[in-house]
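Participant: Residues in the sequence shown are numbered from 1 upward in steps of one, following UniProt numbering.
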Amino acid sequence: MSLSRCPTDNSSSRINSSVPLINSSSPATPPESFDPQVFPSSLIHGDNLLPQDDQIASDPRSESNSCNGNTSSSLPCTDSYQYPLKHSCTPSFLRKFNESIENVSYKCLDHSPPDSVPGDFSISLVPQRNFLYSHSSLPPKIISIDRNNRIKLDNSISSNSDNFPPSPKVDTSNTVSPGSKPISEDLEDLNLQSIVQTFEDLPEGIQSYAFFQLLRSCNRQSMRLLLNECEPLLKKDILSNLPFSIVQSILLNLDIHSFLSCRLVSPTWNRILDVHTSYWKHMFSLFGFQINENDWKYANPNLNRPPFLHNDQISDDYFPEIFKRHFLNRKRWLFPSIPPSHLSFPIHVPNFMITSLLLHKDRIITTSGSGTIQIHNAITGVLEARLEGHKEGVWAVKIHENTLVSGSIDKTVRVWNIEKAKCTHIFRGHISIIRCLEILVPSRLIRHGVEIVEPDQPYIVSGSRDHTLRVWKLPKNTDPPYLPDNTNSIDRWEKNPYFVHTLIGHTDSVRTISGYGDILVSGSYDSSIRIWRVSTGECLYHLRGHSLRIYSVLYEPERNICISGSMDKSIRVWDLSTGTCKYVLEGHDAFVTLLNVFQNRLISGSADSTIRIWDLNTGKPLMVLPSNSGYISSFVSDEHKIISGNDGSVKLWDVRTGKLLRFLLTDLTKIWHVDFDAMRCVAAVQRDDQAYLEVINFSGSRP
């Protein structure tokens, strides 16, 4: 197959298209560092050099067209759309390159305009100073292909041109390298085989330069075909060939958007990323998420859950789905794409306040100063039941499964069946107001490295202003009712089959209690905290340090610590393995009424209108969530958020950043309590002289 150039107009002006190779440094400067190689003998001795495109040979371009006013080009003008590179500039990285020929360093510096198109392709090789023989130099070489597709070798460039150092006369025309052909001035027409062979023999720098000149003469269709063939071959799969551990290290540095984008690269990458489920476990912890009971059941439906849940207790394979659940839940609350819906309905508590609020499944349970307990449907707002029996206000309430336990100013504890809306048991014995309640059920925990379950049965513990705590057995759903008549006989109270014993030790009102398993923590107005073993009634520790009343306590069984908040404005963290105080947290300007712990963070609410977040491991303050005025009447929190009520509004905070995200409710006269579940926030509030329950639904549907 023979290729030849189309004839051109000899009268057209021609651009000097030679590419001189010159020394860019001073004559005494050594050549630039590169791998020396002998210039292919086929190039020196006249083998065919460069291919011509058959598309160019058959291109019917008119010789008479003007080239946008550019008369310096020796080639006919072409349509810039059909030939995109025809008038483009030669990239600078193609116009400068280094070569080594027969131990002589050559440097290319193309002085021609970058947008010029050569009429005859030629490369001028001008030597730098010979680095083996510092006192000698070689004559320049010009290797070219003329318009008749003839290869030429020329040594006629003056060695003194461009201020090059003098070069001795070296006759290279008769030099024959081993295995090469003698030079011929007139060669036969180039054929495809010789074009390919010659191109393969060219140094890399000259190959790139020459190939770009050929591309200039390719039309759009040819370039598109080349691109379609070459592009897939030039892509390298950087993940498939790497070891598993290195791929994992790379992936752990990606954000979620980048990780998901990688899955779209190819089916191979998608399969690789499917295997690396540890990425989702890593992101789960990075986001501050913590597995819960539902996560454990999803991953281990047939196993009993451990005493305390940790992220490493679930296999990595389950974390893509678990992360998705937690991430969507966080997004649903903090950055909802659909505004939350709002259901508001009044509740009847004339002239009395709402003393407690619980959101249990699809039921909202409220107690009030009137002594009634109301159960509303959280979806519709309909009043499902009114539990009546207490003679005075109910100040404490707890729920376990289908059992509700309430404590009242009337000094009684009542046990209710929620489904039947019926009181099944009445416990008497306290001689003053019952202020707090706790239900302790058998729980799995680790003691001295051994997993145990305690207590052996569920208990009710009530704290009273009579300075005592009373322990009762929690009735079973199958137990017969126990409804003794109202009597003042102490003997009658002690004969109650559900009564266990009385915890005696405090010298003032018992204000707050918290427990887990068989351990109970009580805080009193006597400024002290007591640690009890409920099943035996033993007082394990009597903790002193606060100077004023205790308003809140919290037991954290996994760390075996308890936390107390006092009227003296301080918070104390106690080590229950030694009975000593670990930290004293100071910063609040009023008494501390509310405490909560999640992961390594302690959250406290105070009458000074602030919520503070502390590092539980160090006792250091992390951030302050300020409000304008009013004490923090209630707050709830989890791994994503804090919902607080004060200053006539209910607010939503980001627990990780402390940023106030939005006001859930405003223009309120009073906020009594707030609670929430996975989808909803419920608040018991007052507007003017009317009490309301407000349900804010983040599920994307009407509550």
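For every residue, glycine included, the Cβ atom is placed at its ideal position computed from N, Cα and C.
1. How far does the alpha helix (DSSP H) with Ile418 in it extend, from its first residue to its last?
2. Determine the extent of the alpha helix (DSSP H) in which Met283 is found, giving its start and end residues.
3. Helix, strand or coil: which one does DSSP assign to Ile313?
4. Measuring alpha carbon to alpha carbon, tell me which of Asp255, Asn628, Pro307 ends up nearest Phe284.
5. On the criterion of 16 or more Cβ atoms from any shown chain inside 10 Å, does residue 712 qualify as buried, or is it exposed?
6. From Glu694 to Phe244, what does the alpha carbon distance come to, in whole angstroms?
7. Near His400, which residues of its chain fall below 6 Å by C-beta distance, leaving aside the five closest residues on each side in sequence?
8. Confirm, please, whether the CB-CB distance from His342 to Asn697 is below 9 Å.
9. Shortest alpha-carbon distance to Asp675 belongs to which of Lys476, Thr90, Gly645?
10. Are there 16 or more other CB atoms within 10 angstroms of the CB of Val685, so buried, or fewer, so exposed?
11. Flag this pair as touching only if the segment 614-622 and the segment 584-596 have three or more C-beta atom pairs under 8 Å; answer yes or no.
12. Given this structure, state the Cα-to-Cα distance separating Pro339 from Arg680, to the nearest angstrom.
13. Are the CB atoms of Cys218 and Leu85 nearer to each other than 9 Å?
14. Assess, as a yes-or-no matter, whether the segment 258-275 is touched by the segment 302-314 under the definition of 3 or more beta carbon pairs within less than 8 Å.
15. Please classify Cys562: does DSSP put it in a helix, a strand, or coil?
16. For Asn560 and Thr424, I'd like the C-alpha separation in whole angstroms.
17. Buried or exposed for Asp688, please, with buried defined as at least 16 other CB atoms from any protein chain shown within 10 angstroms of its CB.
18. Just to confirm, are Lys651 and Ser627 a CB contact at a threshold of 9 Å?
19. So, with DSSP's three-state summary, where would you put Leu153?
20. Using only alpha-carbon positions, find the residue among Lys495, Val415, His542, Leu437 that is nearest to Arg479.
21. Tell me the DSSP secondary structure of Val176 in three-state form.
22. Report yes or no: do the segment 524-533 and the segment 545-552 share at least 3 C-beta pairs separated by less than 8 Å?
23. For Gln457 versus Leu474, is the C-beta distance shorter than 9 Å?
24. For Thr502, write down the residues that DSSP places opposite it in a beta bridge.
25. Is the CB-CB distance between Glu454 and Pro306 below 9 Å?
26. Which of the three DSSP states, helix, strand or coil, is assigned to Cys681?
27. From Tyr555, Ala421, Ser278, pick the residue whose C-alpha is nearest to that of Ser315; which is it?
28. What are the boundary residues of the alpha helix (DSSP H) that includes Leu595?
29. Have a look at the DSSP bridge pairing and note the partners of Thr366.
30. Residues bridged to Val247 by DSSP?
31. Could you tell me if Leu225 is buried or exposed, where buried requires 16 or more neighbouring beta carbons within 10 angstroms of its beta carbon?
32. Which residues in the same chain as Tyr298 place their Cβ atom closer than 6 Å to its Cβ, once the five residues preceding and following it in sequence are excluded?
33. Using a threshold of 9 Å, state whether the C-beta atoms of Ser634 and Ile671 are closer than that.
34. Would DSSP call Phe211 helix, strand or coil?
35. Quick check on Ala378: buried or exposed, where buried means 16 or more other Cβ atoms within 10 Å of its Cβ?
36. Run the CB neighbour count on Lys641, radius 10 Å, all protein chains shown included, and call it buried at 16 or more, exposed below.
Facilitator: Short version:
1. Segment: none, Ile418 is in no alpha helix (DSSP H) and carries neither H nor E.
2. 278-286
3. Looking at the sequence provided, one finds Gln at residue 313 rather than Ile. Of the three classes helix, strand and coil, the one that applies to Gln313 here is helix, per DSSP.
4. Asp255
5. With the chain covering 1 to 703 only, the question about residue 712 has no answer from this structure.
6. 52 Å
7. Ile439
8. yes
9. Gly645
10. buried
11. yes
12. 13 Å
13. yes
14. no
15. strand
16. 35 Å
17. exposed
18. yes
19. Confidence at Leu153 is low in this model, with a pLDDT of 47, below 50, so the placement of that residue should be treated as unreliable; the coordinate-derived value is given next. Looking at Leu153 - three-state DSSP - the assignment turns out to be strand.
20. In the sequence on display, residue 479 carries Asp and not Arg. With distances taken between Cα atoms, Asp479 lies closest to Val415.
21. In this prediction, Val176 has a pLDDT of 36, which is less than 50 and means its spatial position is unreliable; nothing more can be read from the coordinates.
22. yes
23. yes
24. Arg470
25. no
26. strand
27. Ser278
28. Where Leu595 is concerned, there is no enclosing alpha helix (DSSP H), although the beta strand (DSSP E) it sits in stretches over 592-598.
29. Leu357, Gln374
30. None, per the DSSP bridge assignment.
31. exposed
32. none
33. yes
34. helix
35. buried
36. buried
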